[in-house]
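Start counting the sequence shown at 489; every next residue gets the next number (our numbering). Glycine included, each C-beta is placed from N, C-alpha and C at the ideal position. Let me begin by presenting the structure, written as structure tokens, before commenting on it.
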Amino acid sequence: MAKISKDQLVKLQKKYITDHAIGKLFGISRQAVHQLRNKYGIPPVEEKNATRDNDILKAFENNLPVEKIARKFKISVSQAYRIIRDNK
């Protein structure tokens with residue numbers, strides 16, 4: 489796993505926001521970045537998730553099928569359903 493310190497990860501998270509973007513920078517997976525965040529006790533960027541979740545809910549309210557929503561936002565169908573259920 490990449491050698492990223494807690495302080496470095498916090499700074500990277502503020503700049504790049506997503507685990508995917510940070511992972512790409514270091515040549516590791518977003519899951520590896522997620523594991524590091526958990527190890528260091530760093531929470532995810534909530535505003536990123538809130539914006540995405542609102543966009544998913546709007547798409548659903550505009551009658552876009554859940555399968556297309558999942559593809560558009562690059563998430564699983566079950567995750568799309570969970571986001572819709574939790575944000576109604």
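- Under the 8 Å Cβ criterion, the segment 527-534 counts as touching the segment 491-502, having at least three qualifying pairs.
- Contact check for A558 and A568: beta-carbon distance about 4 Å, within the 8 Å limit, so the pair qualifies.
- Check the Cα spacing between N575 and each of N526, K503, F514 and T539: the tightest is with T539.
- When the Cα atoms are used, Q523 and K499 turn out to be separated by approximately 17 Å.
- The Cβ atoms of I510 and V521 sit closer than 8 Å to each other.
- At the C-beta level, V565 and E555 come within 8 Å of one another.
- Between I544 and I572, the C-beta spacing is below 8 Å.
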